[in-house]
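The structure appears right after this line, and notes come after that.
Numbering (UniProt numbering), first residue to last: 1 to 135.
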């Protein structure tokens, strides 16, 4: 007996692309677990995509209600955003796309203080994490 699988990807879909040479799989799996724990069935899929070259990019593909086309948005790029996201920040960014009105409880409580700290930190030089295996 064979069954036909649907060719449509369940949306919203979060994709975590990580560098295998840098051994970032456990970090990617941790973020995936945190997102699935927080959003449960609000996410259609969380995918881990092995890559190379020091890559760590989190994207979300979603379809607005009533829209016919799905859009992909980059939530975090290690090279552009400087390092890895705090779990709270990644959850906020996912929430802002799939459930903008949702309260994340303790994740949102210190968000105002964090924004002020980030503004002050923008003037400081940022040290970027380098991967010797990928260079």
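Virtual Cβ for every residue (Gly too), placed ideally from N, Cα, C.
- In this structure, residue 28 places its C-beta atom within 8 Å of the C-beta atom of residue 18.
- In terms of CA proximity to residue 107, 88 leads the group 88, 47, 101, 77.
- In summary, residue 91 is buried, with 16 or more beta-carbon neighbours lying within 10 Å of its beta-carbon over all protein chains present.
- Short of 6 Å from the beta carbon of residue 58, and not among the five residues preceding or following it, lie these beta carbons of its own chain, in chain order: 16, 75, 76.
- Spanning the alpha carbons of residue 34 and residue 64 requires a straight line of approximately 23 Å.
- By the C-beta density criterion, residue 26 is exposed, having fewer than 16 other C-beta atoms within 10 angstroms.
- As summarised for the region 43 to 104, the continuous beta strand (DSSP E) elements at least 3 residues long and confined to that stretch are 45 to 51, 56 to 62, 71 to 77, given in chain order.
- Spanning the alpha carbons of residue 130 and residue 14 requires a straight line of approximately 25 Å.
- The three-state secondary structure of residue 17, taken from DSSP, is strand.
- For the set 94, 32, 24, the Cα lying nearest the Cα of residue 52 is the one of 24.
- Considering only 70, 82, 98, the residue with the shortest C-alpha distance to residue 55 is 82.
- When the five nearest sequence neighbours on each side are left out, the beta carbons in the same chain lying within less than 8 Å of the beta carbon of residue 134 are those of 19, 21, 22, 52, 53, 54, in order along the chain.
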